[in-house]
Each structure stands twice: as C-alpha cells, then as structure tokens.
Amino acid sequence: MILRSIANVSFDEVRDRRFNASLFAAGFEERCVAVARRLTPSNLGHIGVSGFAEHDAVEFRIEANSFFDDLTPAYFEKNGVRDYEFVGKFINRAISSKGEKHILIDYSSMPRTWYGAVLNYLRALKRDSSVIVDFCYVPGLHGETLPVTEVRGISTVPGFEGVSSGSGRTASVFSLGFEKWTPYAALERIQPNEIACLIAEPGADSNYTGRARKINEGFFSEHNVRPYEFDIRDVAQTFAFLSETTAAKLDSGCDVALVGMGPKPHTLAMLLTAIRLPEAAVVHVARSEKAPRSVRALSETIVTRVIFV
Amino acid sequence: MQGSAPASLTRLLEVNNARNLTRDEIVSTFVSPKAFWRLLTPKNHVILGSRGSGKTAIAKMMSHSHLRSFNDPRARKIIQSKELIGLYVPARLSWLSSQIEKQIDEVIAIEQFVWKLNLATAFGLIDAVESCLEEYVPIRQQRALLEANIVERLGKDWNANKNTFDLTALRRFLVDLDYEKKRKTTEHRLGLASVDELNRVGTTFHLELFDPLRRAIDTISELLSLPTTAAWLVCLDEIEFLEPRHHELINSHMRADSGRLYFKCTTLPYRHYTKKTTTSLPINERHDYDYVYLDQDVSLQDHRHLREVPDHMAAIYDKRMDASGWSRTQRKTLYYLLGPSKLIDNETIDWSEGSPYYQLLFKYCNEATKVRAVRYLSTGRLDRFSDQIGRKILPALKLRHSVELLHGREELDIYSGASVVARCSDGNPRMFLSLLSRMLLDSNKQLFDLASHKPPNPIRPNVQNKVLLEFSRSELQKLQSEEHGKLLFETVSALGNTMQSLIFRKELGTDFVSSFTITFGIDPELDGAIKSAVAIGSVFPSVNPKDPDRMPEDGGTFHLGFKFAPHFKIIPRRGKSIPIDTALSGDVHHSDTQLPLFTGPEQ
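Now the structure itself:
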C-alpha cells in the first residue's frame with residue numbers, strides 16, 4: 003500500500019468513532035492508559051496490548067496491566083518480546099476481512115519500533131481498500147530534573163535502515179527535547195556532514211519550548227545551527243518539512259539519517275518521512291535503562307490520521 | 048593543490064572530520080603520522096585511536112584513489128609499482144544492525160551481515176577500479192573500453208541488469224540492490240516474505256565473506272594487467288560499530304591465509320572486541336596482525352626548536368593554510384597566532400634572592416624544596432637549581448599565583464599560547480582544529496578575515512583561555528552520556544579535583560601528579576570506565592616507548608587528558624603518578640576549602 007495522506011485531526015473525531023482494532027502499550031507511565039480511558043471500550047474493536055520486559059514490579063505497571071486486562075484484549079503480551087511478530091499478528095487480524103479499515107494506535111508510551119512496525123506492515127501490504135490509522139498521543143508532564151542517560155549505541159529502527167548512496171556524505175536531522183548531553187554522544191557516533199535540528203514550539207505545555215531551547219543552546223551554538231520549530235500537535239506540517247528537506251538532500255547525493263530524540267510526534271513524522279522516502283534512515287539512540295519515571299498525562303490528546311491506500 | 052581551486056579556510060578549519068571532507072581536501076590537508084607508512088605494507092593491522100585522532104583520514108588515504116593524489120614520493124612509488132591497492136570500506140550507518148536483529152535468528156543475522164559487508168567491499172572496489180583506470184590507462188578510448196569490459200564481467204558475476212555499461216551504472220545497481228534487500232528484509236520480519244525470497248536478492252553477495260571481492264580482484268587484475276603479487280588492502284573503517292560476532296568473522300579472515308587480501312581495521316582503543324575467530328583458534332597479535340596505536344603523548348612528540356609547538360600540530364596548521372591558498376611568505380605561523388605560553392614554555396627567570404619568583408617559591412613550596420633551593424642558589428649552582436627545581440616548580444608557582452590574584456569576575460589568561468593549545472587538544476587533530484577555529488571566530492571574527500586573505504592578528508591570551516575553559520568544561524560534562532557515563536564523570540572529576548588539590552591545597556614540591564596507576568584486580572566497573580575514557584580520548588595509557596602500540600590490559604599507568612587542565616586548573620604537563628585508589632579516595636583532598644570555580648555536574 004502507499005501512504006496517501008497525513009492530517010492532524012481533533013480528538014472529537016476519534017472519541018465516538020468505532021474502530022476495527024486498537025493497539026496500546028502497557029507501561030509504567032501513567033499516560034499509557036489515558037487514551038483508552040478517554041474512549042468507550044466497545045468502540046475499540048479488537049484490542050492488542052503489548053507490555054515491556056523491564057520494570058514489571060513497578061506499582062503503576064501492575065495497575066496498567068490490570069486496567070488493560072479489564073478491556074479483555076484479543077492479544078496481551080505482558081512481556082512484549084518479538085515486537086514485529088506481535089504487531090504483524092495484530093494488524094493481520096485487524097484487516098483480515100475486506101473493506102476499509104480503521105485502526106487506532108496509542109503511541110504515547112510506545113517504543114518507536116512498534117509503531118514503526120505498523121507503518122512498515124501497511125507499506126508492505128497489498129490490499130484493495132484503504133486502511134486509516136489514527137495515531138493518538140497524550141503529552142506528559144516531565145519532572146524538572148531528568149537523569150542524565152548514557153548512550154549505549156546507535157542502531158536503525160527496524161525497517162527504516164535507509165539506503166546508502168555510496169557518496170559517503172550524510173545529513174542528519176535531530177529532533178531534540180530535554181536531554182542535554184546525549185545529542186553530543188549521538189552526533190559523535192553518526193558524524194554527519196550537515197545537521198539540522200527541530201524542537202517543539204509550542205510544546206506540550208507553556209514552559210516546554212523555553213526549557214528545550216535552554217537545554218540545547220550549547221549544542222546549537224557549538225554546531226552553528228538554528229533550530230526549526232514545529233508545533234508538537236502538527237505532525238502533518240513537520241512531515242511536510244522533513245519530506246522536503248530529506249528529498250532535497252537525497253537528490254544532492256547525501257545519505258539522510260533522521261534522529262528522533264525529542265517528542266514522539268516528531269519521531270512519528272520522521273518515520274512517516276522514511277515511509278515516503280525509504281532511502282532515508284531513522285536512527286534510534288539506545289540509552290542506558292532509565293529508572294521508571296511516572297509521566298503524568300496532560301488532558302490533551304494529539305491525533306494524526308494516516309491513510310494508506 | 049595545483050590545478051584545483053583552493054578550499055575555503057573556514058571550511059578546512061570548521062570541517063575537521065575526515066569523514067566530511069572531499070577527496071581533494073583530505074589529500075591536500077593530510078599530515079602523515081609515522082604510523083602511516085608502517086601501515087602501507089602487506090600485513091593485517093588493527094588501527095587504534097580515540098575519536099578525532101585521524102583514523103578515518105588514514106583509512107581513506109590508504110585507498111588507491113586518495114594515495115595516488117598524495118604528493119609524496121613514497122606514495123608515488125607505491126602507486127607506480129602497483130604493489131599495493133587499497134579500498135576504503137566505511138562501517139556506514141546503513142550497515143548497523145537494527146534493534147530487531149537481536150530478535151531474529153542468529154544464522155540469518157550473520158548471513159545478512161556477510162551480505163552487507165560483501166556489498167560494501169563491492170562499493171569500495173568500484174572506487175579503486177575507477178582510480179586504477181585513471182592511473183594506469185592514460186588513453187581515453189582504451190580506458191573506456193577497459194571499463195566496459197570490467198563492468199561486463201563484474202556485472203555478470205553480480206547479476207546486474209543488462210543495461211549496466213559503466214562503473215556509475217554498476218554503482219547505481221548496487222544501491223538499488225541494497226534497497227531491494229532491505230525491502231525484502233522488512234517483509235520477512237513481518238512474515239510477508241520467506242527466507243528463500245529474502246536470500247534470492249543479490250545471491251552473489253551471500254557467498255563466503257570476501258569471496259565476491261576475491262573473484263572481482265582476479266577479474267580486474269587480469270583485465271588491467273595488475274601484478275599477481277599486488278597486495279589488496281581492505282581498509283575497514285570504524286569497526287567499533289560492529290558487534291563482537293562480526294569481529295570474530297573478520298578476525299577469521301586475518302587468521303587464515305587470505306591470499307592477496309590484507310585488512311586494515313580502524314577502531315577505538317579497547318574496541319577490538321575479541322580475539323576469537325570462527326574456528327577454535329584465536330587470532331594472534333604479531334603473527335596474524337599488529338596493533339597500531341595513533342594517540343601519542345603530545346608532550347613527548349617531536350618539537351621544533353624551543354617553542355614547544357609539536358611538529359605534528361604545526362604541520363596540520365601549515366597544510367590547512369597551504370590548501371586554502373595562503374603562500375608561505377604571506378601567512379603567519381601558528382606560533383605568531385597563538386604566541387608563547389606563560390604557563391609552560393621555558394623562559395629565563397630571575398631567581399635571585401628577593402626576586403618575585405624567589406618570593407613565590409618561599410611562599411608556596413614545602414620545606415624540603417626550600418632547603419634544596421637555598422643550597423643551590425647560595426652556592427651559585429644556578430644550572431643545577433634550574434634543572435632540579437626551577438624548571439619543575441615554575442608552572443605550578445605561576446598557576447597558583449595567578450589564581451590567587453583573581454578578583455571577582457576576573458578571568459585567567461594563563462591557559463594560552465601555542466604549546467598550551469596543542470597540549471589541551473591532547474595532540475588530537477580534530478580537537479586542535481576545532482579549538483583553533485573557535486578562537487579565530489571569537490577573536491573579532493578573524494576566521495572570516497583569514498578566509499578573505501586579510502592578515503591575521505595574534506589571538507589574545509584571554510580569548511584563548513576562555514575558549515579552552517569552555518571546551519574543557521563541556522568535554523567533562525559530555526562524559527556523562529558516554530558508556531559508563533556516571534562513573535566516568537565521577538572518576539574523571541575525582542582525579543581532576545585531586546590533582547588540583549595537590550597544586551592549590553598543599554605546599555608545593557618539585558613533583559606534581561598528572562597520572563594514576565591501576566593494578567591488577569581493579570573493580571571491573573571502574574576498569575570499564577577507564578577503558579571507555581581511553582576509547583574517547585579522555586584518559587591516555589602511558590605506553591612503553593619500545594612497544595608504543597600495546598594497550599595495557601590488566602593495570603598500568605594512565606594520564607588524565609590535558610583537555611581537562613583548564614577546568615581543573617592543573618598543569619598540562621606530564622608529572623608523576625599515584626595509585627588510583629589514593630586519587631579517588633580524596634585523601635589529598637580538602638573539601639572544606641574547595642574553590643568555588645570548580646563546579647559539579649550540570650544537568
């Protein structure tokens with residue numbers, strides 16, 4: 003299938019819609035249940051829930067598991083291993099019958115591998131009628147001080163490896179958030195010829211952008227870049243910018259690496275860009291395991307509607 | 048470089064990573080370290096060096112396309128004799144296994160790696176063939192004919208499309224093949240394609256590792272009449288990005304008789320992950336390969352005259368100026384730009400009784416040093432005094448005195464001068480160029496003046512000090528995001544604070560500390576952190592000059608990178624070492640009198 007359109011839609015358009023299937027991640031962040039709580043269970047269609055292998059004794063993790071258990075999901079992998087297999091199984095069932103299908107993915111607490119797998123699956127699929135995917139994201143409130151994380155290595159998101167032109171030149175786009183030193187370590191490993199940076203403006207709350215700018219000011223000045231600012235709610239616009247920039251760089255013979263270290267909607271825009279332009283790679287920066295932090299959900303739900311035909 | 052427009056100086060100073068320079072820029076700015084010529088031999092090498100030490104430049108320069116443009120008689124001889132033909136193979140981003148590889152079948156994962164590496168060598172080979180054609184086949188028609196013959200033969204072996212007529216099209220075919228493989232891999236992960244379908248893409252590259260390369264080399268050698276004795280150097284750059292199981296595979300080829308193939312693998316220190324091979328026999332250093340360690344102690348490097356600017360750093364600066372079109376008569380030297388160092392350069396000092404330095408010596412030194420000093424000075428043995436005491440104690444006296452004189456928001460200017468800048472970059476070319484470019488930029492935007500060929504003015508010491516201090520702090524903070532980051536940051540901070548305390552909190556003697564020793568049995572976590580520090584160029588092993596490429600494995604002496612000197616206010620000079628336990632325990636540390644300018648970790 004091909005990616006036909008990306009649009010920002012209001013949560014009102016989602017609230018009363020009946021979905022064929024819905025996919026959630028059961029984690030240790032409070033916001034992982036927020037979208038499901040804001041919807042009517044009978045509208046969710048068949049439900050898939052995947053958990054994490056780590057931190058299974060965290061108090062909220064137990065609560066989240068119990069909440070999702072009550073929804074009687076069709077698939078619930080509490081120790082989410084073999085992500086691709088799980089996502090494949092879930093989507094396969096969601097679209098097994100004919101006709102247009104509508105799927106909800108709550109990626110608020112979901113690793114990019116999973117929602118990347120959904121996009122990849124749909125790209126690889128041959129189907130007569132369209133699949134509409136509503137990607138929902140609930141912004142969270144992060145504490146004032148975030149722990150410094152170590153970069154353990156970089157890898158590409160599965161299915162988003164990109165294609166090397168053989169020119170040996172790389173351009174990287176970094177989406178940045180609240181991690182001050184990790185971008186340096188990531189940059190040191192990727193060593194691109196050119197870099198561009200994105201931050202969210204407006205961000206999840208009124209303090210977000212100022213904080214992100216302050217945290218990253220050293221990185222910007224050291225590499226002589228002025229960050230591009232994109233509304234965290236506007237995945238469509240971020241995608242349009244990334245596609246334009248990436249296409250131009252690819253045309254000039256550069257390899258392109260998209261590095262999402264900022265808010266998830268920016269990462270989603272990067273994955274969508276690479277779906278449209280598969281020569282571009284999406285890079286994952288593996289950090290040391292963070293101690294579980296409770297990320298409180300804000301009241302808003304950001305929805306991005308992606309249509310594959 | 049003759050025949051081509053000079054590159055912009057701003058670009059040559061700002062872009063200090065060989066990975067991002069064009070071929071002409073690398074060739075025209077390359078300063079060959081001694082190790083380079085040792086590497087141009089038919090032998091396997093693992094080249095170790097911290098980030099920015101010049102590994103990529105060396106790996107690229109060994110390739111035929113770069114070496115043939117290098118203006119050096121030794122390079123010309125190698126190219127003309129056709130004895131060595133190098134191909135550059137970077138561990139590109141697209142090589143990196145994605146997270147999912149950890150979940151899929153081990154056999155498939157290795158097969159995919161072999162496929163990718165075989166494909167990557169094919170890209171490298173095309174560059175080498177292009178270069179060989181240009182070098183050895185001067186007549187254009189003949190060259191075109193030979194190119195078509197080579198492409199036909201390689202295309203047949205690699206199952207290229209029928210309309211692949213030249214090397215550009217062959218390269219394009221490989222790019223498309225790579226994409227097709229990735230597409231099929233994704234389909235396979237999603238259960239939409241079988242393993243057979245996956246393996247059907249680019250079957251040639253599923254042969255044994257390096258077999259397609261060997262076959263292609265035979266073809267090219269035959270068509271280009273290259274000697275059968277020619278050694279083909281496979282320069283695998285940045286193998287630290289690979290995994291231990293991949294190193295095992297590469298080791299196996301270094302261990303076995305690889306015919307005409309010789310491997311030159313670059314990686315960070317302690318990041319040649321294993322000596323295992325895929326057989327029961329490990330790879331043997333000295334027999335199967337040699338290590339070459341590029342980070343050399345800047346304070347032990349060759350110096351020109353008395354100015355204490357290491358020759359290597361001066362040469363790097365000179366080459367960049369040459370490459371950007373500055374004539375030798377017109378441009379200024381590095382020493383002119385940065386000036387002398389108040390802190391560490393040798394100078395004639397008046398040590399007579401009552402002189403300012405005599406007073407400082409009596410103010411800050413311990414009793415034993417004072418007694419020795421009086422003995423030498425009162426008996427007129429000035430040479431002896433200078434050699435045994437004055438030369439050794441002077442930097443510490445100057446530093447301590449300068450810091451004591453600071454008031455309010457005043458800043459030091461003592462970390463300045465060509466020798467200090469060279470040392471605070473730890474002899475690392477990338478770091479050195481980055482510092483120089485920042486100083487020129489901060490010094491009334493002189494970087495742009497230089498680019499437009501306006502004669503530069505010397506960079507003021509306070510500007511140099513400011514840039515070195517900011518850099519020093521930022522390098523320390525960045526440690527937190529590296530492997531073993533927290534421990535690494537704490538260890539380096541503790542070492543720096545201890546060294547600082549010995550200068551500022553104790554009475555001074557003629558010995559000062561710049562190094563620490565580790566003995567066998569160190570806590571494995573700490574060992575990991577120290578090795579990580581060596582890998583990224585924050586700590587350097589004290590190597591045996593007779594065996595400078597051997598990295599200490601179970602203990603040894605290490606010195607803290609001089610890049611941290613401005614932050615901790617220590618001397619960028621080699622001193623004695625203390626056991627790491629002492630350095631970390633804070634025995635010599637008086638926290639109650641901690642200077643306010645030494646800050647903790649920044650979040």
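Protein chains in written order, with the numbering used here: chain A, 3 to 311; chain B, 48 to 650. Glycine included, C-beta positions come from ideal geometry on N, C-alpha and C. If you're wondering where the values come from, they're calculated on a predicted model, not measured in any experiment.
- T158(A) carries a strand assignment under DSSP once its states are collapsed to helix, strand and coil.
- Residues T211, L217 of the same chain have their beta carbon placed closer than 7 angstroms to that of G202(B), with the five preceding and five following residues left out of the count.
- Excluding five sequence positions before and after V175(A), the CB atoms of its chain that fall closer than 6 angstroms to its own CB belong to A198, L260, given in chain order.
- Counting along the chain, the unbroken beta strand (DSSP E) around N10(A) starts and ends at 5 to 11.
- Taken in chain order, the complete beta strand (DSSP E) segments of 3 residues or longer contained in the segment 103 to 133 of chain A are 103 to 108.
- For the set F13(A), E87(A), T184(A), the Cα lying nearest the Cα of E234(B) is the one of E87(A).
- If you compare the alpha carbons of R333(B), K578(B), E517(B), F587(B) with that of S561(B), the shortest gap goes to F587(B).
- Proximity to G164(A) across N331(B), I197(B), L488(B), K231(B) peaks at K231(B), based on C-alpha coordinates.
- Under the criterion of beta carbons closer than 8 angstroms, V16(A) and D136(A) qualify as touching, at roughly 6 angstroms.
- Interface flag for K533(B) against chain A is set, since a Cβ pair is found closer than 9 angstroms.
- Sequence-ordered contacts of the segment 152 to 170 of chain A with chain B read E152, V153, R154, I156, S157, T158, V159, P160, G161, E163, G164, V165, S166, S167, G168, G170 [C-beta pairs closer than 7 angstroms].
- When 8 angstroms is used as the limit between beta carbons, N218(A) is near no residue of chain B, the shortest such separation being about 13 angstroms.
- Apart from the 5 residues on each side of it in sequence, G118(A) sits with its Cβ closer than 8 angstroms to the Cβ of V159, P160, G161, F162, L273, V284 in its chain, given in chain order.
- Inclusion of I286(B) and H253(B) in the CB contact set at 9 angstroms is not warranted, their separation being larger than that value.
- At least 9 angstroms separates the beta-carbon of L273(B) from that of K311(B).
- In the structure shown, the three-state DSSP call for H294(B) is helix.
- The beta-carbon distance between L46(A) and F13(A), rounded to whole angstroms, is 15 angstroms. This is too long to meet the 8 angstroms contact definition.
- The beta carbon of L384(B) lies closer than 7 angstroms to those of P503, P505, I506 in the same chain, with the five residues before and after it left out.
- Along the segment 205 to 228 of chain B, going in chain order, the ones with a CB nearer than 8 angstroms to a CB of chain A are R218, L221, V222, D225, Y226.
- For L407(B), the closest C-alpha among the options A443(B), R378(B), Q377(B), N393(B) is that of A443(B).
- Look at D337(B) here: in three-state DSSP terms it is strand.
- The continuous beta strand (DSSP E) containing T564(B) extends over residues 560 to 565.
- Just measuring C-alpha positions, the residue of S177(A), F222(A), M112(A), V227(A) sitting nearest G50(A) is M112(A).
- Taking the beta carbon of E572(B) as reference, no residue of chain A falls within 8 angstroms; the closest one sits roughly 13 angstroms away.
- Assigned with DSSP and collapsed to three states, P229(A) falls in coil, not helix or strand.
- Here the segment 207 to 226 of chain A does not lie against the segment 122 to 137 of chain A, with fewer than 3 beta-carbon pairs under 8 angstroms apart.
- A residue is called buried when at least 16 other Cβ atoms come within 10 angstroms of its Cβ; R236(B) meets this threshold and is buried.
- Neighbours of W183(A) in chain B, taken as residues whose beta carbon is under 7 angstroms from its own, are Q524, K525, Q527, S528 in chain order.
- Counted as a single uninterrupted DSSP element, the beta strand (DSSP E) harbouring T306(A) occupies residues 304 to 310.
- The beta carbon of V35(A) sits closer than 6 angstroms to the beta carbons of A66, F69 from its chain, once the five residues preceding and following it are set aside; these are given in chain order.
- Excluding five sequence positions before and after E281(A), the CB atoms of its chain that fall closer than 8 angstroms to its own CB belong to G164, V165, S167, L252, D257, V258, given in chain order.
- When secondary structure is reduced to three states using DSSP, Y186(A) falls in the helix class.
- For P137(B), the enclosing beta strand (DSSP E) covers residues 131 to 137.
- For D119(B) and C282(B), the gap between their C-alpha atoms comes out near 20 angstroms.
- The C-beta of T313(B) comes no closer than 9 angstroms to any C-beta of chain A.
- Beta bridge pairing from DSSP links N591(B) with D594(B).
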